[in-house]
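Here's the structure we're looking at; comments come further down.
Residue numbers (our numbering): 97 to 388.
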């Protein structure tokens, strides 16, 4: 089924305002078949279905959105990446230097079987740098537990006066040998916290591993992307690709049809009307419960 084209509103460049319980703020990316970012499209370029129905109203549509970023850097500190850890650290620092603007904030954590939040949300690059360098590798890998807890404790609890973009940069080989949570549990918590996950694989073996597939599944479900550097020295290029994407996105705020505050998962189906373009967005969201 081809979703109906979104009708343009009078004010496509209006700033995004605080989202109410029955409004959805969707951040998405558009690329061509070669992966190049497509900007300059307008609201009528897209079709949208929320839980199988077109939205009641589109409130705002902006391109190359400058929404403030809330970014979490999750570095795998398990023993399996010990030889690659310095590249993780250096690349993460370079990324933060490039991406953080005045209204953005980031936090840094390492994870093995436990989580070490080395630096909480801040705009201070010196503190983030120090936090990254405090991390030390060693131990097993509880990736799903770490992602679940991070989105629950750091992202879901954010209280902002206006809309922000929430993203987690997950640097790992994708192997999990210790979690109690399932992959699906971690994905659901990311969706509940409205957080995009970008994954950078540290597995540089010639063939794709099971861990690489895990990273791709998590990223795609949340509207992000997974990157697979050919050499560990190229991890920095994955960070640069994420940086470019975060500054080349669209923001769509709409009011869904037949909306109920029942805590249920609602699917999102967004596509470009031009078949040459691919839209990358989260697959859905959890409606709030009426008593929240």
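Note that beta-carbon positions come from the ideal geometry of N, C-alpha and C, so glycine has one too. Computed from a predicted model, the values in this text were never measured in an experiment.
Between the CA atoms of residue 347 and residue 230 - distance to the nearest angstrom: Here the C-alpha atom of residue 230 lies approximately 36 Å from the C-alpha atom of residue 347.
Counted within 10 angstroms of its Cβ, other Cβ atoms place residue 102 as buried (16 or more) or exposed: Classification for residue 102: buried.
Of the residues 188, 191, 284, the one placed nearest residue 360, counting alpha carbons only: For the residues 188, 191, 284, the minimum Cα distance to residue 360 belongs to 284.
4-residue-minimum alpha helix (DSSP H) runs that sit fully inside the stretch 306-381, ordered along the chain: Whole alpha helix (DSSP H) segments, 4+ residues: 306-318, 331-342.
Own chain, CB closer than 8 Å to residue 354, minus 5 neighbours either side, in chain order: Shown here for residue 354: same chain residues with a beta carbon closer than 8 Å to its own, the five before and five after excluded, namely 147, 149 in chain order.
Whole runs of the beta strand (DSSP E) within the stretch 125-170, excluding any shorter than 3 residues: The stretch 125-170 contains, as complete beta strand (DSSP E) runs of 3+ residues, the segments 142-146, 153-159 (chain order).
CA-to-CA distance, residue 326 to residue 356, given in whole angstroms: Near 46 Å, if we compare the C-alpha coordinates of residue 326 and residue 356.
Three-state secondary structure assigned by DSSP to residue 294: Strand, per DSSP.
Option nearest residue 243 by Cα separation, candidates 228, 363, 206: Ranked by Cα distance from residue 243, the options 228, 363, 206 are led by 206.
Closest by C-alpha distance to residue 129, when choosing among 383, 375, 187: Comparing Cα-Cα distances from residue 129 to each of 383, 375, 187, the minimum goes to 375.
Simplified DSSP assignment, three categories, for residue 113: Caution applies to residue 113, whose pLDDT of 40 falls short of 50 and renders its modelled position unreliable; the value that the coordinates give is listed next. Residue 113 falls in the coil class under three-state DSSP.
Spatial neighbours of residue 200 in its chain, beta-carbon cut-off 8 Å, leaving aside the 5 residues before and after: Taken in chain order, the residues that qualify are 164, 165, 166, 167, 219.
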